[in-house]
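In this text, residue positions in the sequence shown follow full-length UniProt numbering: the first is 1, and each later residue adds one. Take a look at the structure below.
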Amino acid sequence: MELSKRQEFIIEIVKEQGPITGEKIAEQLDLTRATLRPDLAILTMAGYLDARPRVGYFFTGKTGSELLTEKLKKFKVGDFQSVPIVVDENVSAYDAIINMFLEDVGTIFVTDQHSKLVGLLSRKDLLRASIGNQDLSSVPVHIIMTRMPNIAYCSADDLLLDAAQTLIERQIDGLPVVEEKEDGVEVVGRLTKTNIAKALVELGRDEHV
Numbered sequence: 001m002e003l004s005k006r007q008e009f010i011i012e013i014v015k016e017q018g019p020i021t022g023e024k025i026a027e028q029l030d031l032t033r034a035t036l037r038p039d040l041a042i043l044t045m046a047g048y049l050d051a052r053p054r055v056g057y058f059f060t061g062k063t064g065s066e067l068l069t070e071k072l073k074k075f076k077v078g079d080f081q082s083v084p085i086v087v088d089e090n091v092s093a094y095d096a097i098i099n100m101f102l103e104d105v106g107t108i109f110v111t112d113q114h115s116k117l118v119g120l121l122s123r124k125d126l127l128r129a130s131i132g133n134q135d136l137s138s139v140p141v142h143i144i145m146t147r148m149p150n151i152a153y154c155s156a157d158d159l160l161l162d163a164a165q166t167l168i169e170r171q172i173d174g175l176p177v178v179e180e181k182e183d184g185v186e187v188v189g190r191l192t193k194t195n196i197a198k199a200l201v202e203l204g205r206d207e208h209v
């Protein structure tokens, strides 16, 4: 987060004199308490300062990069997941290809008649099937998909960094976000490298600070 000159000056005052009340800071800056209040609120919410009732403000000792790292470590998958693209296991591979390109995704999740995750269909799976000179309009996706339990997935409550690590380790484009049920897992979202990039952009733009 980019600080204003006044906010930087406030931090220096608190570093040297903290704990210090808002009134004392306002006096040194020749400002009213009301004028100073938004700056103190921003610096407190961002983590540069902390406040204790009847004691005042004090410096947390954390740099901007440390604060950003801490916030990134708190991001959850559910905060950034997108809508999943799902097909039934009996849909033809040809229809899956059409769906994949219309939705502009690299991975489609496959479910059974009870809407439970049973597989995953990637561009590689479809390419492999097309090379075999098969009639893709007559081949159901469950024949060529990657099946459970050989699929990595995550939940909305998982840390975004952990899910990103799975994407890197598995060298895959996306993960299904699921909810555990008694009879299997239900797809509720998807997490892709694009979602990770959006999280980093939002963090850089200070939307979560």
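Note that the Cβ used here is the ideal one computed from N, Cα and C, for glycine as well.
Are C154 and V177 closer than 8 Å when you measure CB to CB?
-> In this structure, the beta-carbon distance from C154 to V177 falls below 8 Å.
Name the DSSP bridge partner or partners of Y57?
-> Under DSSP, Y57 takes part in a beta bridge, and its partners are I20, A51.
Taking M148 as the reference, give the member of D135, I98, F109, I168 with the closest Cα.
-> For M148, the nearest C-alpha among the options comes from F109.
DSSP state of T166 mapped onto helix, strand, coil = DSSP places T166 in helix when its eight states are reduced to three.
Mark S122 as exposed unless 16 or more other C-beta atoms lie within 10 angstroms of its C-beta, in which case mark it buried.
-> With 16 or more neighbouring CB atoms inside 10 Å of its own CB, S122 falls in the buried class.
Among the residues of its own chain, which have a CB less than 8 Å from the CB of S92, if the five just before and after it don't count?
-> Within the same chain, L136, S137, S138, V139, P140, V141 come within 8 Å of S92 by CB-CB distance, once the 5 residues on both sides are set aside.
Per DSSP, cross-strand counterpart(s) of I92 | First, the amino acid is wrong: residue 92 is Ser here, not Ile. In the DSSP assignment, the residues bridged to S92 are P140.
Nearest-angstrom Cβ-Cβ length linking L160 and F80, presumed shorter than 8 Å = 6 Å between Cβ atoms; contact.
P84: buried (16+ other C-beta within 10 angstroms of its C-beta) or exposed?
-> Counting the other CB atoms within 10 Å of its CB gives P84 a total of 16 or more, which places it among the buried residues.
For K181, the residue or residues it bridges with in DSSP = Its beta-bridge partners are G184.
What does DSSP give as the partner residues of F109 in its beta bridges?
-> V86, L120.
Buried versus exposed call for A41 [16 or more other C-beta atoms within 10 Å across all chains shown] | The residue in question, A41, is exposed, as its Cβ has fewer than 16 Cβ neighbours within 10 Å.
Have a look at D95 and I131 and give me their C-alpha separation to the nearest angstrom.
-> For D95 and I131, the gap between their C-alpha atoms comes out near 17 Å.
Throw me the rounded Cβ distance for the D157 and G78 pair, which I believe falls under 8 Å.
-> D157 to G78, Cβ: 7 Å. Contact.
C-alpha distance - A197 paired with E179, whole-angstrom precision | Rounded to the nearest angstrom, the two C-alpha atoms are 24 Å apart.
Quick one: is M45 buried, meaning 16 or more other Cβ sit within 10 Å of its Cβ, or exposed?
-> Exposed, by the Cβ-count rule.
Go ahead and pull the three-state DSSP assignment for L3.
-> Coil, per DSSP.
Nearest to residue 232 by alpha carbon, out of R190, S115, A26, A199?
-> There is no way to answer for residue 232, as the model of the chain reaches only from 1 to 209.
Identified DSSP bridge partners for G174 | Per DSSP, T192.
Beta-carbon contacts of M145 that lie in its chain and below 7 Å, excluding the five residues immediately before and after | So the qualifying residues of the chain are V110, G119, L120, L121, D125.
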